[in-house]
Each structure stands twice: as structure tokens, then as C-alpha cells.
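Asker: Below is the structure I would like to discuss, written out as C-alpha cells.
In the UniProt record's numbering, the protein residues as written are 1 to 642.
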């Protein structure tokens with residue numbers, strides 16, 4: 001069956017085009033982010049996906065760590081690819097992915113988006129491969145918000161973004177500028193990097209802005225990590241030990257300075273240094289009340305705390321491979337500030353951790369334990385593959401209430417490595433009747449406000465089935481139960497609440513040019529004080545009349561009783577942007593997105609509109625709009641030179 005699949009997929013790979021690249025981008029982003037609830041606008045994950053699609057990994061020379069850059073690829077499957085490569089003398093074409101025993105057809109096709117088969121060469125000139133990409137983007141609300149009518153912000157309402165990236169065989173570099181709406185300077189945020197890959201003992205050097213990802217993210221990780229969602233296995237098997245350049249416009253979660261990777265045999269040593277200025281809210285004594293992560297410098301209050309605190313960071317990451325199937329990581333990091341953190345009465349934060357990953361054809365076991373002062377946080381996970389196309393995962397986390405990390409971003413309900421205990425189990429089964437994905441997570445917060453411990457549990461089940469060659473079905477059920485501290489100041493208590501979501505979605509393809517997607521979703525919110533309902537229905541369409549032109553359109557009708565019964569919907573957007581639209585109240589949301597490619601140029605234009613007929617204003621505070629319409633226009637141009 002594997003050989004038959006490989007033969008049948010040959011035509012697919014022989015006909016790859018720019019249009020298919022756009023289709024891949026849409027599929028990948030939707031798969032990764034559709035059920036990651038939260039209102040997000042941009043993320044490091046979008047830049048990572050784009051880079052991989054535009055600069056795919058050479059599967060015949062990539063290390064396991066490099067293969068793990070591929071979204072949804074875990075250590076077990078990455079190790080399986082390397083084993084196949086060694087035993088067969090490399091991959092001759094992408095179709096051979098379908099012959100790797102640990103890869104089902106879905107995963108093999110997914111990986112094919114991100115890899116290439118580079119021609120064998122005796123020597124590589126430093127300038128034999130060179131690529132430059134440029135991107136410029138502007139966005140603007142068409143309605144004036146309260147901050148602009150009352151002159152509360154220093155700048156105009158435009159949001160702008162400009163970036164240039166260079167890729168070579170041994171050298172890459174980039175610089176970007178970003179301006180948020182209301183900011184005065186078009187270079188309010190500037191980020192850049194230089195990376196040198198030497199392929200020697202000094203394996204890699206990064207200068208400028210970069211990220212360290214260590215273990216499961218208890219003390220060091222990028223701003224983005226996988227949350228609980230329809231991908232039920234990857235969040236607990238996503239362990240890494242690496243440094244990488246920071247190429248995104250988010251103004252937090254990165255380091256700024258230098259990092260180097262030195263490797264010899266089974267050991268890789270990565271020391272790093274960082275010095276940068278950050279935003280922090282201060283108390284009356286000048287101590288840090290909280291760090292500001294939004295990056296806004298619009299109003300007089302925000303401008304007053306712009307870069308008012310110095311952060312000096314240093315540390316090291318050691319990766320050891322004592323056995324072929326075993327990786328051990330040791331991490332230490334220290335953050336030194338020029339002010340005390342009021343809640344800790346400290347200027348210096350130190351963390352240490354140890355992590356491990358063991359993989360073979362049947363299991364993937366990983367874990368990390370981290371320390372802050374005398375407080376420990378840990379997570380341990382195991383994923384079984386008892387039969388082909390089936391995975392069973394278990395994960396236990398125990399995060400101390402007294403634990404503290406500055407850039408931790410680990411798996412859990414709150415994603416912060418602190419004050420949480422939880423047990424997570426999941427099953428993914430790809431059968432001839434469809435793809436079933438299930439998880440159950442139970443968690444407990446030992447210490448919350450007013451010393452009221454709280455608990456919660458999540459259950460999710462999804463089902464995906466290809467009805468025929470042109471039609472697909474997707475079902476989702478999710479039940480979230482939690483406890484929320486009431487707003488009663490005299491006698492506060494924990495109030496149980498639950499949210500149940502039901503979704504049905506149909507996808508229809510017509511001759512590869514037209515794709516329709518229809519969704520109905522219902523939510524039921526229950527607490528001790530109220531019961532609410534909400535629903536949405538949308539019709540989504542993609543039309544590609546010619547290979548280099550694509551149009552995306554969607555209209556959403558929604559009606560919820562309040563914010564508590566809200567719903568989120570992932571939207572197609574300009575490349576590099578992520579939007580999970582928030583829907584509550586009653587209204588209509590629609591958008592039109594057009595992408596056109598002219599040789600090395602790509603032009604994208606999007607118009608979106610939110611209409612709430614029974615409202616006389618939208619938003620609140622400085623974001624308030626007079627009227628019932630909130631609309632926005634976005635424009636982007638990309639240029640690639642090889």
C-alpha cells in the first residue's frame with residue numbers, strides 16, 4: 001500500500017506551482033491555528049511557516065534538530081526519516097516519504113511542503129545560493145477611534161511593517177521595522193539579525209535578536225508554543241534545544257545580543273548574551289510592578305515607560321547525545337535588571353533546568369525539570385505508537401506556585417510554568433473511517449487570589465473524514481469546565497462555569513479552482529448566575545481563476561448573549577499575519593482577500609468589515625468607535641530575488 005501511495009502521488013509533486021505554495025500556506029496555517037483560541041494578530045509561527053515554504057529543508061543533509069522545524073513533526077518521526085535516509089543512501093525524490101514506515105500518507109504529504117531534494121555537489125561556493133526577500137505592509141482602520149478624535153495618541157492610525165531578509169549557503173541576515181496604530185515613529189520597533197553557519201566546530205553564530213528554545217519551554221522558549229487544540233499529540237512531544245534568529249515584529253520574548261553554537265562529537269554548547277531595554281510599569285518607589293509586553297508607545301502614559309528598564313541576560317544551553325535515541329539538555333539562564341521586581345524583591349532572576357528526549361519506533365518519552373530558587377516545576381510526557389496510524393499520549397505537569405521564569409512558555413492551561421498541576425491524555429487514530437482526535441485534560445491551580453485554589457477540566461473530540469474526492473466533513477465537540485473567582489469583594493467565592501462548543505463543517509472542491517467551506521458552531525455557557533447561548537454560521541470561498549490569482553471571501557453571521565458566550569474564527573489574512581476574529585453580541589463579519597503574483601512580485605489586498613446593527617458604538621476606552629461598523633483595509637507587497 002505504501003508503494004502504491006508513492007506512485008499515485010508522483011503527479012502531485014511533478015505539478016507543484018506557486019499556486020500550490022499558497023494552498024499549502026493556507027492549509028498549514030488553518031491546521032495549526034484554527035482551534036488555538038484567543039484574539040491574535042501576528043505571531044512568530046507565521047514567519048517560521050513562510051521561511052520553510054520559501055526555503056525548504058534539504059532532507060538529505062538536515063539534522064534531526066533541523067527537521068523539527070517542520071510544524072507537527074515530532075522527535076519520533078524526525079528520527080524515522082533519518083533512519084530511512086541512512087539505510088537507503090538518501091532520498092531521491094519526495095515520494096519516498098510515503099515509504100517511511102512511521103509516516104502515514106497525511107504526514108508524508110504534510111512534510112513534503114517543507115522539504116527539498118538538493119542536487120549532490122562536491123563543493124559549495126559561498127555565493128552559489130543567494131536569495132533576497134522584501135516585504136512592505138500597511139493597514140488602517142477606516143473608522144476613527146476615540147483616541148484620535150480626542151488627540152490622545154501621538155501618531156496616526158496607520159500600522160506599517162517593512163522587512164528585508166537575505167539567505168545564503170552559510171550566511172543569512174534580516175532587518176524589520178514596525179509601527180503600531182497611534183505610534184508616531186515608523187521605526188518604533190526595529191529588529192535585526194545576522195547568522196553565520198560555518199559547518200565547523202563553531203557551528204553557528206547569531207548576532208542581533210534571537211531566541212533560545214530549551215526542552216519543553218519551562219524557562220526558555222519563543223513567544224509562540226503549541227496550545228491544547230485539535231492537534232492532540234504534538235503539544236506534548238514538542239521538545240527542542242536550539243537557538244534561532246528572531247524575525248518577527250512581536251516586541252517581547254526575544255533576546256538581543258549574541259549566541260554561538262559549538263559542537264564536538266556528541267556535545268553541542270550554546271552560550272548566549274543579551275542586553276536590551278524593555279517597558280515596565282513602576283510603583284511609587286521606582287520598582288517594577290509588571291512588565292509590558294504589548295509594545296504600544298502611543299499615549300503619554302505608554303511613552304513615559306518606553307524602554308525605561310535595562311535587562312541583561314546571560315546563560316548557556318548544552319545538548320548531549322549519549323545514545324542515538326537519547327538527547328539530554330542542560331540549561332542555565334540569569335536575568336539582571338537595573339530595578340527591583342516588587343513582587344519578588346529581587347533584581348536578578350536565575351533559572352536552571354535539565355531535559356531529555358528518548359525516541360524509538362514505538363515511543364517518545366520527554367521531560368524537563370526547572371528550578372527557581374528552591375521552587376521546582378516539571379513536565380513529563382510519553383507518546384505510544386501501538387499500531388500504525390495510532391498514537392496515545394500522556395503528560396503530567398507540576399508547576400510550583402513559587403516558580404518564576406521570564407521567557408518560559410510551556411504546555412498547560414496558562415502556558416507560564418507556574419502554579420499548576422495537570423494530567424493530560426490524548427489519542428489520535430487515522431482509520432479508514434476517518435481521523436479521530438481526542439484529549440482530556442484535568443488541572444488544578446494550588447494558589448490563586450485570596451488563597452482560593454481552583455480546578456478545571458477540558459475535553460475535546462474531533463472527527464475528520466473525506467466523504468469523496470471533492471467533499472470533506474469535520475466535526476468538533478469541546479467541553480471546558482473551570483472555576484472563576486467571583487467579583488464579590490465582601491464574600492468572594494469560586495463560581496463553577498462551563499463552555500460547550502459544537503461544530504460541523506463541510507468542505508467542497510470544484511475542479512481545484514473553487515473551494516467552499518460551510519460551518520455552523522454553537523456554544524453553551526453555564527455558570528451559577530446565568531446560562532447563555534451563542535452561535536455562528538459562515539460561508540467561506542476560495543476562487544483561483546488562474547494559477548497566479550486567488551480570491552478569498554467569507555461572511556459570518558453570529559449571535560451570542562454576551563462576551564461569555566463568545567466564539568473565535570480563524571481568518572485568512574495577508575501572509576505573516578494571523579487573525580482569530582472575536583465574535584460576540586449580534587452581527588455580521590465579512591472580508592475579501594485578493595492575492596496576485598507577477599513573476600517575483602506578490603500583491604495582496606484585504607478589506608474586512610464588522611457590522612453590529614443593534615449597537616450605537618463599538619469597543620471601549622481609547623478603542624471606542626462611534627457607530628455600528630468597524631472596517632479595515634490592508635495592503636502588502638512582496639518581492640523575491642534569487
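Positions of the beta carbon are idealized from the N, C-alpha and C atoms, including for glycine.
(1) Just to confirm the assignment, what range does the alpha helix (DSSP H) spanning residue 575 have?
(2) Between residue 236 and chain D, is the shortest Cβ-Cβ distance under 8 angstroms, so that the two count as touching?
(3) Taking C-beta to C-beta, are residue 70 and residue 98 nearer than 8 angstroms?
(4) Report the rounded CA-to-CA distance for residue 104 versus residue 517, giving the unit in angstroms.
(5) I think residue 327 touches residue 255, with their Cβ atoms under 8 angstroms apart; what is that distance to the nearest whole Å?
(6) Report the option in 560, 507, 596 whose CA atom is closest to the CA atom of residue 546.
(7) Using CA coordinates, which residue listed in 447, 493, 468, 523 is at the minimum distance from residue 477?
(8) Mind checking which residues open and close the beta strand (DSSP E) that includes residue 336?
(9) Distance check for residue 345 and residue 403, CA to CA, integer angstroms please.
(10) Identify every residue that forms a DSSP beta bridge with residue 168.
(11) May I have the straight-line CA-CA distance separating residue 94 from residue 277, to the nearest angstrom?
(12) Three or more beta-carbon pairs under 8 angstroms between the region 596-614 and the region 567-579, yes or no?
(13) Please classify residue 367: is it buried, with 16 or more other beta-carbons within 10 angstroms of its beta-carbon, or exposed?
(14) In the DSSP assignment, the beta strand (DSSP E) including residue 242 goes from what residue to what residue?
(15) In whole angstroms, what separates the C-alpha of residue 86 from that of residue 228?
(16) Could you round the C-beta distance between residue 68 and residue 61 to whole angstroms and report it? I think they count as a contact, below 8 angstroms.
(17) Tell me whether residue 582 sits in a helix, a strand or coil according to DSSP, three-state version.
(18) Assuming contact is defined by CB atoms lying nearer than 8 angstroms, are residue 216 and residue 379 in contact in what I supplied?
(19) Check residue 603 in the structure and name its three-state DSSP category.
(20) I'd like the list of long-range same chain contacts for residue 89, defined as Cβ closer than 7 angstroms, with 5 residues on each side in sequence excluded.
(21) Which residues in the same chain as residue 541 place their Cβ atom closer than 6 angstroms to its Cβ, once the five residues preceding and following it in sequence are excluded?
(22) Using C-beta distances below 7 angstroms, list every residue in its chain close to residue 416, excluding the 5 sequence neighbours before and after it, in chain order.
(23) Can you check which of these residues, 118, 106, 447, 248, is closest to residue 91 by C-alpha distance?
(24) Taking the CB atoms as reference points, tell me whether residue 213 and residue 240 lie closer together than 8 angstroms.
(25) Using three-state DSSP, classify residue 199 as helix, strand or coil.
(26) Among residues of its own chain, excluding the 5 on either side of residue 358, which ones have a beta-carbon nearer than 7 angstroms to its beta-carbon?
(27) Cα-Cα, which of 610, 592, 640 is closest to residue 634?
(28) Restricting to Cα atoms, I'd like to know which of 147, 130, 297, 73 is closest to residue 669.
(29) Figure out for me which residue from 287, 594, 281 has the closest Cα to the Cα of residue 304.
(30) Just to confirm my understanding: we take residue 24, look at its own chain, exclude 5 residues before and 5 after, and list those with CB closer than 8 angstroms. What are they?
(31) Which residue from 538, 499, 616 puts its Cα closest to that of residue 566?
(32) Of the choices 439, 295, 385, 273, whose alpha-carbon is the least far from that of residue 235?
(33) Along the chain, where does the alpha helix (DSSP H) containing residue 146 start, and where does it finish?
(34) Should residue 355 and residue 329 be called a contact, given that it needs their Cβ atoms to be closer than 8 angstroms?
(35) Work out the CA separation of residue 619 and residue 39 for me, nearest whole Å.
(36) Please list the segments of the beta strand (DSSP E) lying wholly inside the region 353-396, counting only runs of 3 or more residues, in order along the chain.
Answerer: To lay it out plainly:
(1) Taking the chain shown and counting its residues from 1, one reaches residue 575 at position 575. It is not in any alpha helix (DSSP H) - residue 575 carries neither H nor E in the DSSP assignment.
(2) No chain D appears in the structure shown, which is made up of a single protein chain.
(3) Translated into positions along the chain shown, residue 70 becomes position 70. Translated into positions along the chain shown, residue 98 becomes position 98. No, the pair does not count as a contact, with Cβ atoms beyond the cut-off.
(4) The residue given as residue 104 occupies position 104 in the chain shown. The residue given as residue 517 occupies position 517 in the chain shown. For residue 104 and residue 517, the distance between alpha carbons rounds to 25 angstroms.
(5) Numbered from 1 along the chain shown, position 327 holds the residue referred to as residue 327. Numbered from 1 along the chain shown, position 255 holds the residue referred to as residue 255. With a contact defined as Cβ atoms closer than 8 angstroms, residue 327 and residue 255 miss out at about 22 angstroms.
(6) Working through the chain shown from its first residue, we reach residue 546 at position 546. If we check each option's Cα against that of residue 546, 596 comes out closest.
(7) In the chain shown, residue 477 corresponds to position 477, counting from 1. Selection 447, 493, 468, 523 evaluated against residue 477 yields 523 as nearest (Cα-Cα).
(8) Numbered from its first residue, the chain shown carries residue 336 at position 336. Its beta strand (DSSP E) spans residues 326-341.
(9) Sequence index remark: in the chain shown, residue 403 carries index 403 (1-based). Sequence index remark: in the chain shown, residue 345 carries index 345 (1-based). Taking the CA atoms as reference points, residue 403 sits about 14 angstroms from residue 345.
(10) As a working mapping, residue 168 is identified with position 168 in the chain shown. According to DSSP, residue 168 bridges with 130.
(11) As a working mapping, residue 94 is identified with position 94 in the chain shown. As a working mapping, residue 277 is identified with position 277 in the chain shown. Answer to the nearest angstrom: the Cα atoms are 46 angstroms apart.
(12) These segments touch.
(13) Looking up residue 367 in the chain shown gives position 367. The residue in question, residue 367, is buried, as its Cβ has 16 or more Cβ neighbours within 10 Å.
(14) By 1-based counting over the chain shown, the position of residue 242 is 242. Per DSSP, residue 242 is one residue of the beta strand (DSSP E) stretching across 240-245.
(15) Start at 1 with the first residue of the chain shown, and residue 86 comes out as number 86. Start at 1 with the first residue of the chain shown, and residue 228 comes out as number 228. Residue 86 and residue 228 have their C-alpha atoms some 35 angstroms from each other.
(16) Locating residue 68 in the chain shown gives position 68, where the first residue counts as 1. Locating residue 61 in the chain shown gives position 61, where the first residue counts as 1. Between residue 61 and residue 68 the Cβ distance is about 15 angstroms, and since that is not below 8 angstroms, they are no contact.
(17) Translated into the one-based positions of the chain shown, residue 582 becomes position 582. Residue 582: strand per DSSP, three-state reduction.
(18) As a first step, residue 216 is located in the chain shown; it is residue number 216 there, counting from the start. As a first step, residue 379 is located in the chain shown; it is residue number 379 there, counting from the start. A contact, by the Cβ cut-off of 8 angstroms.
(19) Along the chain shown, one-based indexing puts residue 603 at 603. Residue state, collapsed to three classes: strand.
(20) The residue labelled residue 89 in the question sits at position 89 within the chain shown. There are no such residues.
(21) Residue numbering aside, residue 541 sits at position 541 when the chain shown is read from its first letter. So the qualifying residues of the chain are 516, 553.
(22) Translated into positions along the chain shown, residue 416 becomes position 416. 408, listed in sequence order.
(23) Here residue 91 refers to the residue found at position 91 of the chain shown. Comparing Cα-Cα distances from residue 91 to each of 118, 106, 447, 248, the minimum goes to 118.
(24) Within the chain shown, numbered from 1, the residue matching residue 213 stands at position 213. Within the chain shown, numbered from 1, the residue matching residue 240 stands at position 240. For residue 213 and residue 240, yes; Cβs fall inside 8 angstroms.
(25) The residue you call residue 199 lines up with position 199 of the chain shown. Residue 199 falls in the coil class under three-state DSSP.
(26) Numbered from its first residue, the chain shown carries residue 358 at position 358. If we look at residue 358 and ignore the five residues flanking it on each side, its Cβ neighbours are 325, 326, 365.
(27) For the purposes of this step, residue 634 is taken as residue 634 along the chain shown, with counting starting at 1. For residue 634, the closest alpha carbon among the candidates 610, 592, 640 is that of 592.
(28) This structure leaves residue 669 out entirely; the chain is present only between 1 and 642.
(29) Along the chain shown, read from residue 1 onward, the residue named residue 304 stands at position 304. Nearest option by C-alpha distance: 281.
(30) For this step, residue 24 is matched to residue 24 along the chain shown. Excluding positions up to five away in sequence, the list reads 53, 113.
(31) Taking the first residue of the chain shown as 1, we reach residue 566 at position 566. Nearest C-alpha to residue 566: 499.
(32) Your numbering for residue 235 matches position 235 in the chain shown. Measuring from the Cα of residue 235, the nearest candidate turns out to be 439.
(33) The residue given as residue 146 occupies position 146 in the chain shown. Per DSSP, the continuous alpha helix (DSSP H) segment holding residue 146 begins and ends at 146-149.
(34) To locate residue 355, count along the chain shown from 1; it is residue 355. To locate residue 329, count along the chain shown from 1; it is residue 329. Contact: yes.
(35) Indexing the chain shown from 1 puts residue 39 at position 39. Indexing the chain shown from 1 puts residue 619 at position 619. Note that residue 39 scores 47 on pLDDT, short of 50, meaning its location in the model is unreliable; the coordinates nonetheless yield the value given after this. Rounded to the nearest angstrom, the two C-alpha atoms are 14 angstroms apart.
(36) Entirely contained in the region 353-396, the beta strand (DSSP E) runs reaching 3 residues are, in chain order, 363-372, 375-384.
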